[in-house]
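Residue numbers (our numbering): 1063 to 1220. Where is the CB? At the ideal position from N, CA and C, for every residue including glycine. Computed from a prediction, not measured in an experiment: that's the story for all the values here. Input: a single structure, listed below in structure tokens.
See below:
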């Protein structure tokens, strides 16, 4: 999966469209927000078939269990992103538009690294919000980038 040539403009336009949209399971929750940002950058709808399939926390947990065998956002993201070929990167190496798994009040959620690169953007009941980077636990690169995996397969030169 590669980023479109105009991915920065497309991401910015997407964020503008959904900025004031409140959190709603199955319509504009953290997973669908992240998927919308991925689609804006790549043109690939990674949430095809998920929108409208759940409408509250309970049905979202059922959907997670169906996708990966357990009601775990982190496990769903791991398995789905691995299937899609999105590489996990260290949080410190995440770049603008990359997907971030964050912790907020003891709950895991998804967001993206903001276009300015110094905060996370995630959905809330009041629309999108900026959150500090110290909330980030894991990150995945959107689009193919060289040397972005956590462990290199290349031998060391001496």
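TODO: Could you spell out the range, first to last residue, of the alpha helix (DSSP H) harbouring residue 1121?
DONE: 1119-1130
Exercise for the section: Could you check the C-alpha separation between residue 1189 and residue 1157 for me, to the nearest Å? Expected result: 23 Å
- State yes or no: is the C-beta of residue 1129 within less than 8 Å of the C-beta of residue 1115? no
Discussion item. For the beta strand (DSSP E) containing residue 1202, name the first residue and the last one.
Written reply: 1198-1202
* To do: From the DSSP output, in three-state form, read off residue 1098 for me.
  => helix
- Task: Use the C-beta contact count for residue 1200: other C-beta atoms within 10 angstroms, 16 or more gives buried, fewer gives exposed.
- Result: buried
query: Short check: CB of residue 1126 to CB of residue 1138, under 8 Å?
result: yes
Nonlocal neighbours in the same chain, by C-beta distance under 6 Å from residue 1101, ignoring five residues either side: Its chain contains 1107 as the residues whose beta carbon lies nearer than 6 Å to that of residue 1101, once the 5 sequence neighbours on both sides are disregarded; these appear in chain order.
Using a 10 Å radius around the Cβ and a threshold of 16 neighbouring Cβ atoms, would you call residue 1091 buried or exposed?
buried
Bridge partners of residue 1084, per DSSP? Beta-bridge pairing links residue 1084 to no other residue.
Determine the closest residue to residue 1175 out of 1163, 1078, 1067 and 1186, with distance taken between C-alpha atoms.
-> 1163
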